[in-house]
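Please read the structure below before turning to the comments.
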Amino acid sequence: MRCGLSLIEILVAVAVMTLALGPMVSLLSSSNRVSNASIYEVMAVHYAAELAEQLQRFAGRFGDILADARQRSGNSSLTLDGLLMDPGFTAALETIHDETKAIPLQTSGVPLKVSLFVSPLHPLFYRRRLEARPLDTSGLTLLNAGRYWDIKITLAWRLAPSEPPDRHRAEFSVVVRE
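Take 0 as the starting number for the sequence shown in numbering that gives the first Met the number 0 and just add one per residue.
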């Protein structure tokens, strides 16, 4: 009667265990990466929602805001897209702060009386940008009472410094009336 395992039996058992555990470890590792990526997607939704909510509150007042901006800048042809894509305003949106900060809309470096409050960006985020484009509502009788804008909120982040730009990116849209 035998009382132990032979070396061959042990090697076969180790080989079978290795073949079974290899894919399981790989699966757990990729699951962890996907989980981490979804954390940043949730953060992007939060950042976009706070901007969208504030932009919707300004809806209907953009005409007055633009009139003030045109007067302060001396640019009578300034539009909402020019206001939201002002280089100084864009740079302030993308700056990483330690606390929630009020960022005034500005035109040509001249701050306006209206500000957006933004949460501090996580250090892995490098872009938080607004772009506006006018919507053509000529065929829609319901929306003929005003000028409407589609404001795109873009957020981008890098999970590793070696990653190419815009590999992780989220875009959101909010429609507002001027």
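For every residue, glycine included, the Cβ atom is placed at its ideal position computed from N, Cα and C.
- Our two residues, Thr89 and Ser107, have alpha carbons roughly 12 Å apart in a direct line.
- If you look at Ile152, you'll find it in the beta strand (DSSP E) that goes Tyr147 to Trp156.
- Restricting attention to Leu129, Arg146, Arg126 and Arg127, the CA atom closest to the CA of Asp135 is found in Arg146.
- Taking all protein chains shown into account, Gln105 has 16 or more neighbouring C-beta atoms within 10 Å of its C-beta and is therefore buried.
- According to the DSSP assignment, Ile102 belongs to the beta strand (DSSP E) that extends over Lys100 to Thr106.
- It is roughly 37 Å from the alpha-carbon of Val175 to the alpha-carbon of Ser161.
- Trp148 sits away from Leu77, with the two beta carbons spaced by 8 Å or more.
- A buried status is given to Leu154, since no fewer than 16 other beta-carbon atoms sit within 10 Å of its beta-carbon.
- Within a 10 Å sphere around the beta-carbon of Ala131 sit 16 or more other beta-carbons, which makes this residue buried.
- Contact between Pro119 and Glu98 holds, with the beta-carbon distance rounding to 6 Å and staying under 8 Å.
- Here Phe116 is bridged, per DSSP, to Ala101.
- Exposure of Ala19 is indicated by the presence of fewer than 16 other C-beta atoms within 10 angstroms of its C-beta.
- Secondary structure of His121 (DSSP, three-state): coil.
- Rounded to the nearest angstrom, the Cβ distance from Tyr46 to Arg127 is 6 Å, consistent with a contact under 8 Å.
- Per the DSSP secondary-structure output, Leu129 pairs in a beta bridge with Ile152.
- Out of Arg71, Ala66 and Pro110, the CA that lies nearest to the CA of Pro86 is found in Pro110.
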